[in-house]
Structures are given as C-alpha cells and as structure tokens.
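Novice: Here it is, the structure in full.
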Amino acid sequence: MEIKKHGITVTVLGSGTCVPSLQRSSCAVLMQIGTTRLLFDSGPGTMRRLLEAKTTIFDLDYILYSHFHPDHSAELVPLIFATKYPDGNRRQVPLTIIGGRGLTDFFAGLKAVYGKWIELSDGLLKFIELDNKSKDSRNFDNFAIESAPVEHNPESIAYRITSADDSSVVYSGDTDFSENLIELAKDADLLICESALPDSMQVKGHLTPSMAGEIASRAGVKKLVLTHFYPNCEDVDIMQECRKTYRGPLLLAEDLMKIKVIG
Ligand SMILES: [Zn+2]
Ligand SMILES: [Zn+2]
C-alpha cells in the first residue's frame with residue numbers, strides 16, 4: 002500500500018526588504034509539516050501576515066533566523082510580548098528559537114533593553130544555536146534541519162528542511178554567491194532564494210536573479226522561488242534575468258503565495 006505523502010506547505014509571508022511597502026512585507030516564510038509550524042525570519046509586519054495566512058503566534062513551534070538584520074528579526078520582541086497577553090489563549094507548548102552562533106548574545110542584548118517584558122514562564126522559550134563556521138544539523142520528530150554558513154553576516158546560515166516523508170525545502174536567507182548554498186540545496190524539491198537586486202545593480206552580500214539562477218542550476222533543484230525584492234526589482238524583468246542561468250520551474254514570490262512541496 003502506498004503511504005500518502007503530506008510534504009511541506011510553504012507560505013511566503015514577506016517577499017520584501019527593509020523598505021516599507023504595502024505589497025511586500027519584510028522577510029518571513031512559514032512552513033507547515035503535519036501540524037508543526039516553522040517560521041523563517043520575522044521582519045516587521047510578520048504577525049499581521051501570519052493572521053492573513055490564518056495562523057496565530059501561538060501556532061508557531063519554531064522560529065529559525067537566517068541572520069539578525071532588523072528586516073529579518075525585528076518582530077521577535079513584539080511577538081514574545083504578545084505571547085504574554087493574558088487572554089486565555091496563551092502559549093501552552095514551547096517556542097524554540099533557532100539561529101547561527103551569536104543567537105543567545107543577540108537575545109541577551111534584547112533582554113538588556115526589554116527585561117521581563119520578553120521573558121516567558123519556565124520552559125516556554127528555548128534556544129538552539131547552530132554552527133556559523135561549518136555545516137550543522139539537528140533531528141526533530143517529523144523533520145530534520147541541516148544548515149550551512151552563507152556570505153552575508155558572521156551569524157548568517159541557510160537552512161535545509163527535510164520532512165519525515167522526504168520532501169525538502171532550502172531557505173537561503175541573505176547571501177552573496179555561495180558554494181555552501183549550492184551544496185546545501187543539492188537536488189532539493191524547492192529552493193527559496195534571495196534575489197535582492199537586478200543584475201545591473203549587484204551589491205556585495207546579496208544575489209541577483211542570474212546569480213540565484215546559477216546556484217539553482219548547479220544545485221539541480223526541482224523548483225526555484227525568488228524573493229527579498231528591493232523596489233528596484235519592480236521595474237525589471239526578473240524572470241528573464243533568472244532565465245539566463247536557470248531553465249527549471251520558477252516562481253517570483255508574492256506575499257501570501259502558497260506552495261505545496263511533495264518530494
Ligand atoms: Zn541582511
Ligand atoms: Zn535582508
């Protein structure tokens with residue numbers, strides 16, 4: 002008998018950047034594996050986009066940070082503070098926060114500012130630091146995480162999530178061209194890759210559409226989604242630029258875009 006696969010459901014919550022935009026919220030992606038929900042990054046506006054995706058902050062089991070730039074992390078403080086609001090719906094199960102080496106120092110810095118306003122009762126807030134110098138991995142009940150350092154900040158890591166039924170999604174976070182990302186994304190069912198600026202405006206620490214395409218081609222991913230679009234991207238044919246280097250299935254992220262990934 003064939004076992005029905007559920008795979009991973011990906012919802013893009015924010016396809017934008019630090020630049021305020023009504024169309025593109027700051028960086029955040031939701032992944033659902035069975036009843037487990039993983040949030041990748043939490044830029045400003047993430048909680049509202051979560052509600053639009055029919056998800057509350059209490060539904061989240063894990064938050065995984067690619068790095069700590071404010072457009073990827075700033076909603077963490079209001080999210081924990083809102084968890085303390087005594088409306089009877091308060092969090093019953095732990096929230097695990099995962100990031101590259103430096104995560105606990107980052108949170109200690111936030112606590113130096115906000116103190117008990119961002120403390121939760123015993124055992125409800127957990128932290129896992131992954132290596133920022135080489136590959137790392139962790140296994141959970143119904144999925145596994147692999148990570149690798151990428152070219153952006155010292156703490157920057159990209160993630161590969163593999164569900165128990167063998168579907169795989171890779172989340173690049175912010176990065177410049179990265180051999181580690183190619184290796185991490187090898188044969189993945191989906192690569193969610195930053196493509197911050199058009200080919201003609203390449204900057205250090207970020208990718209362009211044709212660079213992201215080259216990474217996807219060399220990794221042999223089955224589908225590519227480009228995201229993290231600065232406003233300059235809106236006037237350019239991003240898809241055509243990516244097509245210079247990549248011929249496979251391709252999507253340009255929009256907020257609340259939903260992608261079902263079954264490997
Ligand atoms: Zn960044
Ligand atoms: Zn960014």
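Going by my numbering, 251 is the number at position 250 of the sequence shown; the sequence numbering is gapless. Glycine included, each C-beta is placed from N, C-alpha and C at the ideal position. Bear in mind that the values here come from a model prediction, so they are computed numbers and not experimental data.
1) Work out the CA separation of residue 117 and residue 6 for me, nearest whole Å.
2) Considering only residues of the same chain and omitting the five flanking positions on each side of residue 245, which have a CB-CB separation below 6 Å?
3) Is there at least one non-hydrogen atom of ligand 2 closer than 8 Å to the beta-carbon of residue 70?
4) Should the segment 72–90 be regarded as contacting the segment 129–148, the criterion being three or more beta carbon pairs within less than 8 Å?
5) Shorter than 9 Å from the beta carbon of residue 231 to some beta carbon of chain C?
6) Reducing DSSP to helix, strand and coil, say where residue 138 ends up.
7) Should residue 137 be counted as a contact of ligand 2 given a C-beta to heavy atom distance under 8 Å?
8) So if DSSP puts residue 41 in a beta bridge, which residue, or which two residues, is it bridged to?
9) Going by the beta-carbon positions, is the gap between residue 225 and residue 192 smaller than 9 Å?
10) Helix, strand or coil for residue 247, going by three-state DSSP, please let me know.
Specialist: From the atom records:
1) The count along the sequence shown starts at 1 and reaches residue 6 at position 5. The count along the sequence shown starts at 1 and reaches residue 117 at position 116. The alpha-carbon of residue 6 is positioned some 43 Å away from that of residue 117.
2) Indexing the sequence shown from 1 puts residue 245 at position 244. So the qualifying residues of the chain are 211.
3) Start at 1 with the first residue of the sequence shown, and residue 70 comes out as number 69. Remark: the shortest separation between the CB of residue 70 and any heavy atom of ligand 2 falls under 8 Å.
4) Judged by Cβ distances under 8 Å, the segment 72–90 makes no contact with the segment 129–148, as fewer than three pairs qualify.
5) Of the chains in the structure shown, none is chain C; there is only one protein chain.
6) The count along the sequence shown starts at 1 and reaches residue 138 at position 137. Secondary structure at residue 138: strand, using DSSP grouped into helix, strand and coil.
7) In the sequence shown, the residue the question calls residue 137 occupies position 136. With a cutoff of 8 Å, residue 137 does not count as near ligand 2, since its C-beta is closer than that to no heavy atom of the ligand.
8) Stepping through the sequence shown from its first residue, residue 41 is reached at position 40. Paired residues: 30, 65.
9) As a working note, residue 225 is residue 224 in the sequence shown. As a working note, residue 192 is residue 191 in the sequence shown. Their beta carbons are under 9 Å apart, which means residue 225 touches residue 192 by this criterion.
10) Along the sequence shown, one-based indexing puts residue 247 at 246. When secondary structure is reduced to three states using DSSP, residue 247 falls in the coil class, being assigned neither helix nor strand.
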